[in-house]
Structures are given as C-alpha cells and as structure tokens.
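If you count the sequence shown from 1, position 412 lands on 415 in our numbering, and the numbers rise without skipping.
Note that the Cβ used here is the ideal one computed from N, Cα and C, for glycine as well.
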Amino acid sequence: MAAELTAPQLIAQHRPTLDQALEAIRTRAYWSPHPEHPKAYGEHGGLDAAAGKAAFDALLNTRLDLGQPGTDGWVGGEVSPYGIELGVEYPHADVDVLLPAMKAGQRAWRDAGAELRAVVCLEILKRISDRTHEFAHAVMHTSGQAFMMAFQAGGPHAQDRGLEAVAYAYAEQVRTPGTAEWTKPQGKRDPLAMTKSFTPVPRGIGLVIGCNTFPTWNGYPGLFASLATGNAVLVKPHPRAVLPLALTVRVARDVLAEAGFDPNLVALAAERPGEGIAKTLATRPEIRIIDYTGSTTFGDWLEANARQAQVFTEKAGVNTVLVESTGDYKGMLSNLAFSLSLYSGQMCTTPQNLLIPRDGIGTDQGPRSYDEVVADLARAVEGLLGDDARANALLGAIVNPDVKARLEAAAGLGEVALASREVANPDFPDAVVRTPVIVKLDGAKPDDEAAYMSECFGPVSFAVAVDSAADALELLRRTVREKGAMTVGAYTTDAEVERAVEEVCLEEAAQLSLNLTGGVYVNQTAAFSDFHGSGGNPAANAALTDGAFVANRFRVVEVRREA
C-alpha cells in the first residue's frame, strides 16, 4: 500500500513542533502547542464547538468498527455520570488472534527510526487536537468532569502529556548514535578497526490499562511513550470510560495506515461486563510493557504478577497539606477551597489531609486558632460553591457509586466542619453532584488515625489537629513513606519550617508546592515543566514524564563488523 503521508511530508510538518518540545523539556519553561480556549478551534482548522458536539452526538447509539482482526463480538453499556446512556458498541477481541497481528507490524515500525516514529505520533496528536471539542464531550460523559475541565484536561493538557512523552522517547533513543567508527591503536601492529551500528529495538507489545476519571490525560503518556519507542500498543479502557480511548485508537490506526504502517500497531481491547480481562492480558507473554492508573490493590498485583513486563503504575496516596502560617490568609483559603472542590476531589492529586497545629497558626490577619482556620476554610468552600451554576462548573458529577458511598460515610468519622450538600444540575437532572465534606480529626487519637491514614478518594478532606509543626512534619514523613503521596503542599512564613518540609519531601521523594495563594493549585501540573508523581514513594513507581518513564521501553542492539 502506497503511503498517503510520506516521511518527508511528516518530518517537514512536525519536526519544528518536536524541536520545540525538546527545548521545553530541557528548559522546563511554559510552552504548549494546544490551545486551552474552546474558541481557538474551528477558524484555523479543527472542529468548532457546534461541529464537535454534533460529532459526539453522531457517535451515540452506533457501532464503532475499528477494522481490527480477531473481533468475535461487540460490547458496550457505558452510562454517563450525567445520566445518559451512550449506546456505543465496541469490538470485542479474541486476543489469540489480535496479539499476533499486532506483532506483525513491529519490524517495519522499528526500522522506521526514532524521528519518523515521533512525527507519526505527532500527526496522531494533531488530528486528535483538531477534534478536541468532540473528545471533550466523550471525556465529560465517561468521567463526570464538567465540560470545561473535560475540554482542557481531556484535550490540550492530555495532548501535551502525550507530546511530552514523545519528546522524551525521542531524546532517549537518539542519545546513542546510529553508527560509530571504532579504532584502537596497537603500537607497531595495525590498529583494530570496527564499524558499529546501534538500533533501538522495542520490548514488545505495550498494554495501557485506562482509568475512569482521566482516560486521556492518564492514558496518553504510556500510549505515546511505547509507540514512539517502536512498540505496538494494546489499549484496555476502563469499562465505564471506553469512548475517549476508542476514538484515540481509531485516529491512531488511520494515521498509521496512511503513513504506510500496519494499523494493528494500535488496537483496542474492550471487555464484556464483569470479564476482567486486565489480569489475563497483563500476564500474556506477548505483553512486555504495562501502563496502569488506578487502585493500589491492582497496581500492587500487577507489579507482583506481571513479571514478564516492565510495569509503570500510578496508584493512590494520601496527599497532605501542612498549614503552619501564611502571609496571605485569604489567598490561602481561596486556593485550598478551589483545590478541594475541583472535579469533586476525584483527582489523584487532590489534598486529603490538612495538618494544622491545635494551637493555631500565624497569619497576616493575626493569629487564627485551629477551629477558626477550619471554620474559615469551610466558609471559603461554601462561598466558592454557593451558586449552583458555578458549583456544577467546578464539581462535575460523582463518577461512580463508590465515591458517593465514601463521601456519605466520612461524615461519621468525626466532627463535621463542612457538610456536603446536593447540587441540582438543570441540564442533567440525573447527575449526582455533591459539594465536599470537611471532617475534624485529632492526630493524637488512634481511632482517628485509621481514617486519615487511609486514602478516601473523592470530595473528602480531614482537618487533622497536631501538637506542633514538628509533629506535623513527622506525620507528613510517615504518611508519604507508608501510604505515598502524589502531591504535598505547605504554607509557612518560617524559613526553618520551609527548609524542614522541603527536606522531608526530598528524602521521601514527594512533589512539593509551597505557599500557593494565586491561580496555580497543588492538584494541577503543567506538561513539559512539572513532574506528575515522582516514582519514589508508594503512590506511583513512575513519573509523568521523565527519562526513566521511556528509557526502559526499548533496548539498544549493537551490530559490529570489522572495518
């Protein structure tokens, strides 16, 4: 089949973007080629808001045929957290047929080289970017994110993370030259001379196990890191969030075919209700790389049992904020209120434990007792979410019944400083929308420790009273070491406390945000600049994205010849 997208065309179009991405990961400065504002799409290519919504609506109640080999049936059943049935059917794969078909295309993909693989990946991302409005609705109606968050986090921010992974993959592969002339002097004898070639070779098939809350944002780094390093990729979406990743697979297959490669290098593995194919796939000998975001229990299982694969996990942790003092009390409360409320706390980076000295904190407005800090924070959340329209735009919908159950149970764990309330969504009457709950706990009580030392995923936060800043630091250290943390925050005007909390985070490998009072929040990270997770504590064994995230997805094989 003649390629419709030639290598020179792809390189001419996308090499400048790749170079900018390489520069961005070197400098860690702000950069993104993907616009965050919905109005940026349509006029200069891509679907505008109306066309994107129409494209999404046209998908409902249809069969998404990807043309994959080994299709032995059709599966579906996604119901939006906003209450509508999507009605989309996806191919169910006979993996004994699909996996060999995926391996068949790897030789040509390997031989294409790092640069061509990278620009093919960038063409995939460009086409996804052009359909950001369509993807936003798909993310919204599978994750429960409010539309603007689904648009930004599920669109440009996810695409940035995918591009970041491609940049790191390319940088690691070209670190070693393709060829070398080697000459070793031998004194009076003729020198030894060798010609050597070095080829990055893929490990095998990569398996991406998708999550319900951020299917694209968490899925794209592993998908593009594996594909850019020469591996075929099998995408196993979460059963409640298939559509965004199925659309991604369809775009990838189209681009690969147009570029003259086997489209089966990327395939979808949707599952029947209760089938649980992730364990089966994860231990197949053909699967050599696994990317997983989700529960600690299954992440631990993968690390222990998928021994034939390189496993990258982002699991769960107990994210903590130490509140010792602040020079901007109002800004601190506003920042924390937003962080606790965004997407109903259904982010792996949302703060859970707020460690506050029981004797209170110093502020620019004078001393504030523990009770006053907690009460003021509760009022800040109430003020932020007091208007239902604003609340819906920030909270989105509760993604599944387990989150709702945890939220309701949290009220029985201690004194409720802020009760959760129901919020009606006029556009989606069946959506389950709840404001956060804040519960007061005593860090000195063993009964309370069982609550705050366990992850409570969702809009639940614990205001934990501690004896001193030193006690807070010790509890922070123990929490990160034993339970892990994707994020740590701290508020202090004391230079010694700041140095101490920084030292704890350096020693326990936790990403730290200090004294955030403006428009940057502890639960948000920027591609090309911020590392998401560290890979150094129990919350995750990998960071999005660094060299370690891509380097073990390929090996360099050397061929030596006498010159």
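Tell me which residues share the same chain as residue i and place their Cβ nearer than 6 Å to its Cβ, disregarding the 5 neighbours each side in the sequence.
| i | result |
| --- | --- |
| D494 | Going by the sequence as given, residue 494 is Tyr instead of Asp. Closer than 6 Å at the Cβ level, and outside the excluded window around Y494, lie V326, T329, M335 and N518. |
| A104 | P72 and N267 |
| A172 | A228, A231, T232 and V553 |
| P84 | G147, A400 and V402 |
| E501 | T495 |
| S200 | T182 and V562 |
| C351 | M489 |
| M4 | With a pLDDT of 48 at M4, under the threshold of 50, the modelled position of that residue is not reliable, and the figure given next carries that caveat. Nothing listed; no residue qualifies. |
| R371 | G363 and I364 |
| R564 | T198 |
| P224 | R164, A168, L547 and T548 |
| V314 | I293, L305 and E306 |
| G394 | It is Ala, not Gly, that sits at residue 394 in the sequence shown. These residues qualify, in order along the chain: L388 and V426. |
| V100 | P72 and G73 |
| G6 | At residue 6 the sequence reads Ala, which differs from the Gly that was named. Once the five neighbours on either side are set aside, the close Cβ partners of A6 are A262 and G263. |
Using 10 angstroms around the beta-carbon of residue i, count the other beta-carbons present and answer buried if the total reaches 16, otherwise exposed.
| i | result |
| --- | --- |
| K42 | exposed |
| W185 | exposed |
| F264 | buried |
| T366 | buried |
| Y33 | exposed |
| V442 | buried |
| G446 | buried |
| L509 | exposed |
| M197 | exposed |
| T65 | exposed |
| A420 | buried |
| D163 | buried |
| D580 | An answer regarding residue 580 cannot be provided, because it is not within the stretch 4 to 566 covered by the chain. |
| D68 | exposed |
| S337 | buried |
| E167 | buried |
| Q189 | exposed |
| R29 | exposed |
| Q109 | buried |
| T216 | buried |
| T219 | buried |
Apart from the five residues on each side of it in sequence, which residues of its chain come closer than 7 Å, Cβ to Cβ, to residue i?
| i | result |
| --- | --- |
| E81 | L89, V91, T145, R243, V245 and L246 |
| G348 | P439, G461, P462 and V463 |
| G76 | H95 |
| L250 | F138 and A141 |
| T286 | N308 and A309 |
| N239 | Sequence check: residue 239 is Lys here, not Asn. Answer for K239: L210, V211, I212, G213, A272, I280, A281 and L284, listed in chain order. |
| A513 | V483, A488, V491, S537 and N540 |
Excluding the five sequence neighbours on either side, which residues of its own chain have a C-beta within less than 8 Å of the C-beta of residue i, listed in chain order?
| i | result |
| --- | --- |
| P38 | Y44 and P159 |
| T482 | V321, T323, N356, M456 and A488 |
| G386 | A340 |
Below 8 Å on the Cβ atoms is my guess for residue i versus residue j; work out the distance and round it to an integer in Å.
| i | j | result |
| --- | --- | --- |
| A3 | G536 | Lying before the first or after the last residue shown, residue 3 is absent from the chain, which here runs from 4 to 566. |
| I290 | A270 | The Cβ separation is near 12 Å, so there is no contact. |
| A454 | L416 | 5 Å |
| V504 | L478 | Not a contact, Cβ separation roughly 12 Å. |
| L8 | E261 | 5 Å |
| T179 | F154 | Not quite, the Cβ-Cβ distance comes to about 40 Å (not below 8 Å), so this is no contact. |
Hey, is the region 17-25 in contact with the region 146-158, meaning 3+ C-beta pairs nearer than 8 Å? no
Going along the chain, which unbroken runs of the beta strand (DSSP E) with 3 or more residues stay wholly within the region 77-144? 93-96
How do the region 212-222 and the region 286-303 stand: do at least 3 beta-carbon pairs fall below 8 Å, yes or no? yes
Would you call the region 381-399 and the region 54-61 touching, i.e. three or more CB-CB distances under 8 Å? Short answer: they don't touch.
Segments of 4+ residues assigned as alpha helix (DSSP H) that fall wholly inside the region 258-326: 280-285 and 299-308
Mind pulling the alpha helix (DSSP H) runs of 4 or more residues that sit fully within the region 461-492? 472-486
Taking 8 Å as the cut-off, does the region 315-324 touch the region 474-490 (at least 3 CB pairs, one atom from each stretch)? yes
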